[in-house]
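Numbering of the sequence shown is given in my numbering, commencing with residue 25 and proceeding in unit increments.
Think of the CB as a built atom: it goes at the ideal place given N, C-alpha and C, for glycine as much as any other residue.
The structure presented is a predicted model; accordingly, all values stated were derived computationally and were not measured.
Single-structure report; data block below.
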Amino acid sequence: MALTVHIFPVLSDNYAFLLRDDATGQVATVDTPDGDAILAELERLGWGRLDLIVNTHWHPDHAGGNATIQAATGCRIVGPEEVRRIAAVDQVVTGGDVVMLGQTRFEVTAAPGHTLGHILYRSAADDIAFVGDTLFPLGCGRLFEGTAEQMWSSLSAIAAWPDATVLYGAHEYTAANARFALSIDDRPEMADHAAAIFAMRERGEFTEPTVLSVEKAFNPFLRARDADDFAARRAAKDAFKG
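This is the structure:
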């Protein structure tokens, strides 16, 4: 692998990601949920200076640490225009753009739904994508700004990637997502998958990242028939009390 990914928990349920391009040693963070924690982890790893922040969307638990990290490292900040609602951005990107970390090439995909300007970063060469708050194991992001049709289109774009793509979502929501999935999917294999998730969480293990082939098999939102079915499932999840 040309890219090393280090994942660690921050805040109440966020994950932070530090990336290192192995060929050049350049380092990036995907989103900045906690600037001080990210800087401390960077020092603990001994990876040296941070070169780049890539933001997926504007929410404070994703871009709130931009200023702290840039002040400490002098790094460049790349993200969608909407991040400027709360933080500075040096380079605005949108779907179809490319962001380089050393020799690692990230293709940018527009993914409105959770927010209107949400974007994804995918390294096709590494079969890795950072999907922010668009997709989680057995779940997807809430529709804070976008429509169900937009989110369905965004999920469909992810579903078109190779099945081996490793997906890094930004929150640990999997146990709650599994409880909802069980409420609408009575297949024995779904029960087995959920049981494995519950066991992982009881052991304190991360359930991120996931793999696209697994989500196609079990994620109730990727398994929706169309945009209307997705909208019904998203509404049911929002109302679910399990």
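Burial is judged here by how many other beta carbons sit within 10 angstroms of a residue's own beta carbon; R44 has at least 16 and is buried. In this structure, L179 lies near C164, with their beta-carbon atoms less than 8 angstroms apart. Taking every protein chain shown into account, the CB of L125 has 16 or more other CB atoms within 10 angstroms, so this residue is buried. Nearest to G49 by alpha-carbon distance, out of L27, V34, F41 and S36, is L27.
For V238, the uninterrupted alpha helix (DSSP H) segment begins and ends at L236 to F242. In this structure, DSSP gives N201 a helical state, which the three-state scheme calls helix. Using a 10 angstroms sphere on the CB of I101, the tally of other CB atoms reaches 16 or more, which defines it as buried. With contact defined as three or more Cβ pairs closer than 8 angstroms, the stretch 136-152 and the stretch 193-209 are not in contact.
Judged by DSSP in its simplified three-state form, R100 adopts strand. According to DSSP, F32 shares a beta bridge with A40.
When only Cα atoms are considered, W82 and E106 end up about 6 angstroms apart.
Excluding residues up to 5 positions away in sequence, I110 lie with their Cβ nearer than 7 angstroms to the Cβ of P84 in the same chain.
As DSSP reads the structure, L159 sits in a beta bridge with C164. Looking at the DSSP output, F130 shares a beta bridge with V123.
Using a Cβ distance threshold of 8 angstroms, L236 and D187 count as a contacting pair.
Counting the other CB atoms within 10 Å of its CB gives V132 a total of 16 or more, which places it among the buried residues. In this structure, the CA atom of F130 is about 23 angstroms from the CA atom of L69. The three-state secondary structure of Q94, taken from DSSP, is helix. A251: member of the alpha helix (DSSP H) spanning A251 to A263, first to last residue. Taking the Cβ atoms as the reference, A202 lies roughly 19 angstroms from I182, outside the contact range of under 8 angstroms. Classified as buried, E232 has 16 or more neighbouring CB atoms from the shown chains inside 10 Å of its CB.
CA-to-CA, the gap between T158 and R108 works out to about 20 angstroms. Distance from the CA of G98 to the CA of V29, rounded to the nearest whole angstrom, comes to 21 angstroms. L63 is a Cβ neighbour of A96, given a cutoff of 8 angstroms.
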